[in-house]
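Under numbering that gives the first Met the number 0, the residue at position 338 of the sequence shown is numbered 337, and the numbers go up by one with no gaps.
Note that the Cβ used here is the ideal one computed from N, Cα and C, for glycine as well.
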Amino acid sequence: MRVLLVGSGGREHALATALARSPLLETLYAAPGNPGMAESAQCVDIRADDIDALVQFAREHNIDLIVPGPEAPLVAGLTDACAQANIACAGPSQAAAALEGSKAFTKEVADAAGIPTARWQRFDHDKDAALRYIREQGAPIVIKADGLAGGKGVIVAQTVEEAENAVHQLGLPLVIEECLVGREVSLFAFCADDDAVLIGAARDHKRVGNGDTGPNTGGMGAICPPADFDRDAQEHALDLTVRPMLAEMKRRGTPFRGVIFAGLMLTEEGPKLIEYNVRFGDPEAQALLIRLESDLLPILKNLADGTLSQEAITFSEKPSIALVLAAKGYPDAPKKGGIIEGTERLETLPGVQLFHAGTALKDGKLVASGGRVLTVCATGKTPAQARARAYEAAATIQWDDKMLRSDIGAV
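Shown next, in the form of structure tokens:
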């Protein structure tokens with residue numbers, strides 16, 4: 000099978016590594032890819048959001064399957080464009096991708112489907128009304144940009160003043176909602192129309208600083224599986240928060256096909272929906288896929304064809320951890336250009352894999368080119384062993400502006 004993988008982050012590198020193991024794979028292309036992905040894929044200079052160029056490339060190179068990594072091309076209509084060109088794409092339609100493209104749409108679907116979620120209000124045009132609502136509700140309160148924001152469009156305000164500043168910072172349209180109390184988890188499933196197959200769960204650490212402090216990011220690390228969210232609890236949450244959504248989307252005439260990522264809060268009343276994403280998480284994908292034993296390629300091809308694989312998806316029993324190595328200044332103004340050294344040492348460490356994200360080659364040297372630069376993943380017999388392996392591996396990688404949290408898997 001000839002496959003085009005769309006994206007250039009750590010998630011896409013993990014997907015490329017999993018796809019490259021498939022005996023069904025003939026050729027793997029990545030658009031645009033990164034230096035790490037170049038080890039298993041032919042990287043092509045096409046932006047992930049250039050829909051026309053992606054479809055044209057797929058036509059010219061007889062691509063059998065497009066695997067989208069990030070959300071932006073899905074929200075922009077990649078799957079619809081592929082359908083018109085008779086090219087299989089393992090992702091939802093533009094209409095279904097609105098589950099991630101609009102926070103307000105997600106809340107409307109959740110309410111219509113009877114899915115437990117936080118109380119909320121939307122504000123499209125009236126900033127003063129949003130500010131009044133905040134003063135009426137008090138803090139803590141959650142302010143969300145309605146559209147895509149690269150994982151940085153949510154502010155959990157601890158004071159009314161902080162919430163008011165968030166309104167000015169994010170601008171309209173907004174969703175303002177009740178602040179749920181509990182532990183967050185990320186639930187993943189393959190979906191086709193009104194059916195879903197559980198993939199698994201992870202716990203992401205979104206704040207930039209130790210102790211879950213500082214601004215939200217795209218994610219600074221993840222553990223898999225969460226100790227307080229076993230397989231039975233995951234299946235229950237799937238019944239509560241994903242299958243009703245699938246039925247509602249089908250009822251609306253916009254059935255969902257692809258990977259769903261349900262962000263949940265485990266509250267005293269049970270799991271409640273925070274958000275949907277229409278793709279694998281980053282860095283959750285890295286923590287999940289390092290444990291995957293099944294062949295991912297036929298699963299994704301079946302998904303693109305609108306069916307779910309009947310074979311059980313198998314994972315290693317070993318727990319895993321993902322550590323994001325970021326550039327100082329992330330998420331606001333990451334420092335770029337630092338020369339990265341020590342990555343080759345990870346090849347000798349047991350249970351460890353390295354995934355590239357914001358990296359580039361300059362004059363033959365690997366340099367930091369983004370905010371989240373690398374993801375170090377490790378498995379172990381116990382969570383403690385996986386954690387120790389990952390931090391040992393992370394310590395071998397150096398560049399001037401390297402930054403990572405020291406408490407992933409310990410909080």
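Whether residue i touches residue j by CB criterion (7 Å)
i: K102; j: D145; result: yes
i: V155; j: V141; result: yes
i: L412; j: K401; result: Limits of the chain in this structure are 0 at one end and 410 at the other, which puts residue 412 out of reach.
i: L130; j: L186; result: no
i: P91; j: G257; result: yes
i: A284; j: A13; result: yes
i: V153; j: A195; result: no
i: F255; j: A82; result: no
i: V184; j: F228; result: yes
i: A326; j: G8; result: no
i: L18; j: L295; result: yes
i: L237; j: L197; result: yes
i: A286; j: A221; result: yes
i: A414; j: A15; result: Any question about residue 414 goes unanswered here, given that the chain covers just 0 to 410.
i: A148; j: I259; result: no
Simplified DSSP state of residue i, which is helix, strand or coil
i: F279; result: coil
i: F228; result: coil
i: L307; result: coil
i: Y329; result: coil
i: N85; result: coil
i: M0; result: coil
i: T358; result: strand
i: V159; result: helix
i: I259; result: strand
i: N215; result: strand
i: L173; result: strand
i: L186; result: strand
i: K317; result: coil
i: A377; result: strand
i: P72; result: helix
i: I198; result: strand
Inter-residue Cα distance where the pair is residue i and residue j
i: T358; j: M219; result: 16 Å
i: A429; j: D125; result: Coverage of the chain is limited to positions 0 through 410, which leaves residue 429 absent and any answer about it impossible.
i: D123; j: A392; result: 46 Å
i: G408; j: I175; result: 30 Å
i: A30; j: M36; result: 10 Å
i: S293; j: V74; result: 28 Å
i: E267; j: R182; result: 10 Å
i: E11; j: D49; result: 17 Å
i: P225; j: K380; result: 15 Å
i: I289; j: P297; result: 18 Å
i: Q168; j: L360; result: 35 Å
i: R202; j: V375; result: 16 Å
i: P69; j: L4; result: 10 Å
i: S405; j: K335; result: 22 Å
i: P270; j: G363; result: 49 Å
i: V43; j: D399; result: 29 Å
i: L171; j: A117; result: 20 Å
i: R371; j: G337; result: 13 Å
i: A321; j: A383; result: 13 Å
i: A389; j: L403; result: 12 Å
i: G210; j: G76; result: 38 Å
i: L27; j: H60; result: 11 Å
i: A232; j: A311; result: 18 Å
i: D318; j: R134; result: Contrary to the premise, residue 318 reads as Pro rather than Asp in this sequence. Straight-line Cα distance between these residues: approximately 44 Å.
i: E163; j: T212; result: 20 Å
i: H235; j: E38; result: 39 Å
i: V108; j: E99; result: 12 Å
i: D331; j: Q309; result: 44 Å
i: Q157; j: L24; result: 50 Å
i: R20; j: P333; result: 34 Å
i: G341; j: K151; result: 30 Å
Distance between beta carbons of residue j and residue i, contact taken as under 8 Å
i: G208; j: C223; result: Not confirmed; about 22 Å, so no contact.
i: Q93; j: D79; result: 5 Å
i: I339; j: V366; result: 6 Å
i: D193; j: K249; result: 5 Å
i: A411; j: A71; result: Nothing about residue 411 can be reported from this structure: the residues present for the chain run from 0 to 410 only.
i: C178; j: P139; result: 4 Å
i: G328; j: D281; result: Not quite, the Cβ-Cβ distance comes to about 19 Å (not below 8 Å), so this is no contact.
Beta-carbon contacts of residue i that lie in its chain and below 8 Å, excluding the five residues immediately before and after
i: A84; result: V54, A57, R58
i: P34; result: H355, T358, A359, L360, L365
6 Å CB neighbourhood of residue i in its chain, flanking five on each side removed
i: A112; result: P243, M244, E247
i: L348; result: A392
i: T313; result: E292, S293
i: R121; result: A103, V174
i: W119; result: K106, V174, E176
Own chain partners of residue i with C-beta closer than 7 Å, once the 5 adjacent residues on each side are dropped
i: A261; result: L186, T240, V241, L272, Y275
i: L64; result: M0, V2, A87, A89, L299, K300, A303
i: R344; result: T395
i: G252; result: none
Check: residue i C-beta below 6 Å from any heavy atom of the ligand PLP
i: T347; result: As for the ligand PLP, it is missing from this structure, which has no ligand bound.
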